[in-house]
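Chains A and B supply the protein sequences, listed in that same order.
Residue numbering for the first sequence follows my numbering, starting at 1 and increasing by one per position.
Residue numbering for the second sequence follows my numbering, starting at 1 and increasing by one per position.
Ideal Cβ placement from N, Cα and C applies to all residues, glycine included.
Single-structure report; data block below.
Number of protein chains: 2
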Amino acid sequence: MQSFTEENYLKAIYSLSLRHEGDVSTNALAELTATKAASVTDMLRKLSDKELIHYKKYQGVRLTEEGERLALQVIRRHRLWEVFLVEKLGFGWDAVHDIAEQLEHIRSDELVVRLDGYLDHPQFDPHGDPIPTPAGKMPETGYRKLTEVGVGEDVRLMAVLEHSTEFLQHLDRSGLTLGCIITVKTVNDFDKSLLVRTETGSTVFASQDVAKNLLVS
Amino acid sequence: MQSFTEENYLKAIYSLSLRHEGDVSTNALAELTATKAASVTDMLRKLSDKELIHYKKYQGVRLTEEGERLALQVIRRHRLWEVFLVEKLGFGWDAVHDIAEQLEHIRSDELVVRLDGYLDHPQFDPHGDPIPTPAGKMPETGYRKLTEVGVGEDVRLMAVLEHSTEFLQHLDRSGLTLGCIITVKTVNDFDKSLLVRTETGSTVFASQDVAKNLLVS
DNA sequence: GGAATGCTTTAGACATATCTAAATTTTCAG
DNA sequence: CTGAAAATTTAGATATGTCTAAAGCATTCC
Ligand SMILES: [Mn+2]
Ligand SMILES: [Mn+2]
Ligand SMILES: [Mn+2]
Ligand SMILES: [Mn+2]
């Protein structure tokens with residue numbers, strides 16, 4: 001049985017190992033968990049003792065099979081709760097992440113099974129992220145970042161990588177909603193910013209910082 | 001802001017102060033929170049520093065107004081989540097208490113407001129307990145214990161005082177459901193056990209231990 | 001190849017919440 | 001009213017998770 005804190009570290013390791021190739025560094029974990037490197041080292045020793053991570057001093061860290069299974073369970077719960085908060089309670093997609101950060105740690109297998117059924121076995125959360133299977137596998141999506149799309153291409157906005165309230169409210173104001181079709185009109189060579197046309201015909205400016213957090217297919 | 005643990009102590013103090021007149025004792029709290037008296041004393045010092053309880057060494061403890069307000073907020077959340085688990089997720093009333101013990105600590109005012117609306121502002125939880133108001137008042141019910149009912153009286157089962165799975169499953173097997181009408185047929189002078197007739201016409205035996213946990217009106 | 005630099009780990013503390021054992025205070029019985 | 005029993009508090013420890021400061025590796029840049 002893991003504490004909240006251990007679950008959060010497992011999730012953080014999983015998340016960082018997707019972002020870059022190779023093992024996850026102590027400093028990266030310290031930044032993501034908003035702690036100090038020394039605290040991370042302590043926790044890595046503990047997770048290693050429990051055989052949830054592969055860890056050699058100074059060499060970075062990687063989840064074991066069991067560690068990944070647990071991380072995906074937490075992510076599954078997080079995303080199911082986000083669906084609940086949006087679909088059933090009527091929260092905006094910009095307001096659910098912090099509450100789901102708490103709800104994801106509620107311990108009850110039966111609860112997850114019933115919640116999943118009540119929500120009609122959703123495949124994606126309100127941010128377009130795929131919901132891991134009960135068995136602990138993360139579905140593949142094959143989405144690309146909007147920054148990789150060529151001028152003239154029509155694509156559909158499928159997911160966002162950033163969950164902060166500020167970012168999501170910015171998208172709302174820009175009329176960029178999940179599922180909408182967008183066309184890349186121009187790419188600025190200097191700052192890689194984009195001009196895109198939305199379904200409604202309006203033209204929206206997207207800095208590289210915004211575009212790299214938008215996933216399309 | 002209170003920790004989970006502090007919230008649980010506040011709830012425990014509230015609950016015990018209903019059970020008996022006068023201040024709550026250290027030992028009673030130790031038993032209810034499944035800790036030792038020494039641990040309770042430590043926590044009482046802390047809650048007293050925060051002015052959530054009135055506490056004088058060796059003299060027992062009592063909630064301040066602020067302490068009671070917080071305790072009732074926790075109880076409100078607990079009972080709303082129990083309603084959700086039964087009404088929306090289809091849990092049995094015998095399976096929800098432990099999950100609600102976790103959910104009651106989720107911190108988000110907005111969440112409670114929306115959950116309450118989603119459930120249609122319920123007045124009672126699945127065990128018949130009244131749900132405290134958003135302002136922090138506990139509604140009066142005026143229920144009596146079944147042990148105080150005279151032979152021949154017709155009463156309606158309104159609530160249960162004990163929430164354990166075993167007790168509630170026993171009631172299910174006996175056909176005693178919330179809202180049902182029961183008639184006291186005989187009271188055994190020796191052990192105070194009862195024979196009651198239910199709506200369906202069947203006769204059910206209830207030991208004093210069972211009857212004192214049944215509230216009727 | 002050998003510093004200098006930057007990560008990372010260790011050392012030593014602190015806060016929370018718990019425990020056992022011992023000391024203290026209150027209560028109650030004779 | 002007084003001494004024993006019961007209840008409560010204090011003393012000293014443990015476990016978790018965090019921190020700062022100092023020391024130990026690793027990489028890289030002459
Ligand atoms: Mn999220
Ligand atoms: Mn999400
Ligand atoms: Mn309950
Ligand atoms: Mn209840």
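Contacts that residue i makes with chain A (C-beta to C-beta distance below 7 Å)
i	result
residue 92(B)	Within 7 Å Cβ-Cβ: nothing; residue 92(B) doesn't reach chain A, min ~11 Å.
residue 88(B)	118
Rounded C-alpha distance that separates residue i from residue j
i	j	result
residue 123(B)	residue 141(B)	11 Å
residue 165(B)	residue 92(B)	9 Å
residue 13(B)	residue 211(A)	53 Å
residue 31(A)	residue 146(A)	26 Å
residue 39(A)	residue 174(B)	55 Å
residue 158(B)	residue 99(B)	23 Å
residue 167(B)	residue 94(B)	8 Å
residue 195(B)	residue 84(A)	45 Å
residue 102(B)	residue 107(A)	8 Å
residue 139(B)	residue 127(B)	15 Å
residue 74(B)	residue 81(A)	21 Å
residue 203(A)	residue 188(A)	15 Å
residue 186(B)	residue 208(B)	12 Å
residue 105(A)	residue 192(B)	45 Å
Buried versus exposed, by CB contacts within 10 Å (16 or more), residue i
i	result
residue 213(A)	buried
residue 79(A)	buried
residue 20(B)	exposed
residue 181(B)	exposed
residue 121(A)	exposed
residue 68(A)	buried
residue 58(A)	exposed
residue 151(A)	exposed
residue 65(B)	exposed
residue 45(B)	exposed
residue 135(B)	exposed
residue 37(B)	exposed
residue 172(A)	exposed
residue 49(A)	exposed
residue 133(B)	exposed
residue 47(B)	buried
Closer than 9 Å at the beta carbon, the chain B residues around residue i
i	result
residue 174(A)	Ordered by position in chain B, no residue passes the 9 Å Cβ test against residue 174(A), which lies about 24 Å from the chain.
Same chain, Cβ closer than 7 Å to residue i, five either side skipped, listed in chain order
i	result
residue 8(B)	33
residue 111(A)	none
residue 161(B)	213 and 215
residue 169(A)	94
Chain B contact residues for residue i, given Cβ-Cβ distances below 7 Å
i	result
residue 111(A)	99
Cross-chain neighbours of residue i in chain A, by beta carbon under 9 Å
i	result
residue 107(B)	99 and 102
Chain-ordered chain A contacts of residue i [CB-CB under 8 Å]
i	result
residue 115(B)	89
Cβ-based neighbour list, residue i, same chain, cut-off 6 Å, excluding 5 preceding and 5 following
i	result
residue 97(B)	163
residue 16(A)	24 and 28
Contact test: residue i Cβ vs ligand 6 heavy atom, cutoff 7 Å
i	result
residue 82(A)	With respect to ligand 6, the structure offers nothing, as its ligand set consists of ligand 1, ligand 2, ligand 3 and ligand 4.
Spatial neighbours of residue i in its chain, beta-carbon cut-off 8 Å, leaving aside the 5 residues before and after
i	result
residue 153(B)	183 and 184
residue 199(B)	180, 181 and 182
Notebook entry, point to check: Could you give the uninterrupted runs of the beta strand (DSSP E) lying entirely in the segment 144–176 of chain A, keeping only those of 3 residues or more?
Noted result: Contiguous beta strand (DSSP E) elements confined to the segment 144–176 of chain A occur at 154–160, taking only those with 3 or more residues.
Checklist line | Continuous alpha helix (DSSP H) assignments of at least 4 residues falling wholly in the segment 86–144 of chain B | finding: 97–103 and 109–118
Note to self: Extract the residue ranges of the beta strand (DSSP E) inside the segment 28–67 of chain A, only unbroken runs of 3 or more that lie entirely within it.
What the structure shows: With a minimum length of 3 residues, the continuous beta strand (DSSP E) runs that stay inside the segment 28–67 of chain A are 53–55 and 61–63.
Margin query: Please give me, in chain order, every unbroken run of the beta strand (DSSP E) with length at least 3 that falls completely inside the segment 176–213 of chain B.
Written below: Unbroken beta strand (DSSP E) runs of no fewer than 3 residues, entirely contained in the segment 176–213 of chain B, are found at 181–187, 194–198 and 203–206, following chain order.
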